[in-house]
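What follows is a set of notes on a single structure, which appears directly below.
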Amino acid sequence: MKNLSGICLLVILFVTLLVGCSVKPQPIVYGTDGCHFCRMTIVDQQHAAQMVTKKGKVFKFDAVECMVNHLKELDSNDIALYLCNFYTEPGKLIDATEATFLISDGIPSPMGEFLTAFNTASEAELEQQKHGGHLFTWNELLAELNP
Numbered sequence: 007m008k009n010l011s012g013i014c015l016l017v018i019l020f021v022t023l024l025v026g027c028s029v030k031p032q033p034i035v036y037g038t039d040g041c042h043f044c045r046m047t048i049v050d051q052q053h054a055a056q057m058v059t060k061k062g063k064v065f066k067f068d069a070v071e072c073m074v075n076h077l078k079e080l081d082s083n084d085i086a087l088y089l090c091n092f093y094t095e096p097g098k099l100i101d102a103t104e105a106t107f108l109i110s111d112g113i114p115s116p117m118g119e120f121l122t123a124f125n126t127a128s129e130a131e132l133e134q135q136k137h138g139g140h141l142f143t144w145n146e147l148l149a150e151l152n153p
């Protein structure tokens, strides 16, 4: 009976560890959550971002540029997910590595970089035609912001 109790305890501990370290995003509570990088309250649902480490730790940001700047302090090999809100569906998170980014003075962002994410290149190109600016993939954006 003692062995069965010990095995049950180990199984419960193992399941708890597995669930506690799951790699998934957390909802951003706009108006309450703070940016991990600059400490501003996250209020803009078109520009917020989030990183999740391979161990499940979540970092929330008020703007993509804060997430990119915070990368200087981390080993990018430890990151499982890069997520960001996008312009045409505020509050919805998408994979930042698949997004198209526009830097345009015509679309302000919380940190003044005028950086906005789009779910598709065609959406970004439409806004570029309206507002001007330059388009970037995720890797191009990293190179632009971290020369």
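Per this note's numbering, the sequence shown starts with residue 7, numbered consecutively.
Built from N, CA and C at the ideal position, the CB exists for glycine as well.
Spatially closest choice to residue i from the options, by CA coordinates
i	options	result
Leu108	Ser115, Thr122, Ser28	Thr122
Pro31	Ala69, Ser82, Ile100	Ile100
Gly97	Asn75, Phe142, Cys41, Ile48	Ile48
Leu141	Asn75, Gly118, Ser128	Ser128
Thr143	Leu132, Pro114, Thr126, Met117	Thr126
Straight-line Cα distance separating residue j from residue i
i	j	result
Val25	Gly62	With a pLDDT of 48 at Val25, under the threshold of 50, the predicted position of this residue should be treated as unreliable, though the coordinate-derived value follows. Near 10 Å, if we compare the C-alpha coordinates of Gly62 and Val25.
Phe120	Ser28	33 Å
Ser110	Gly139	4 Å
Ser115	Asp81	26 Å
Leu132	Gly112	13 Å
Pro33	Gln51	12 Å
Met117	Gln135	23 Å
His137	His76	28 Å
Helix, strand or coil at residue i [DSSP, three-state]
i	result
Cys90	strand
Thr106	strand
Ala69	coil
Asp50	coil
Val58	strand
Glu146	helix
His140	strand
Asp101	strand
Val29	coil
Leu121	strand
Val64	strand
Beta-carbon contacts of residue i that lie in its chain and below 7 Å, excluding the five residues immediately before and after
i	result
Asp84	Thr59, Lys60
Ala86	Val29, Val58, Thr59, Lys60
Contacts around residue i, its chain only, beta-carbon distance under 8 Å, and the 5 residues preceding and following it disregarded
i	result
Met73	Phe43, Ala55, Gln56, Met57, Phe65, Phe67, Tyr88, Cys90, Ala102
Thr94	Phe124, Asn125, Glu129
Assumed close pair residue i, residue j - CB separation to whole angstroms, cut-off 8 Å
i	j	result
Ala105	Phe124	6 Å
Val70	His53	7 Å
Lys78	Asn152	7 Å
Met46	Gly40	7 Å
Cβ neighbours of residue i in the same chain (closer than 6 Å, five flanking residues each side left out)
i	result
Phe92	Ile100, Ala123, Phe124, Asn125
Leu147	Phe107
Test: residue i CB closer than 8 Å to a CB of chain D
i	result
Cys90	Of the chains in the structure shown, none is chain D; there is only one protein chain.
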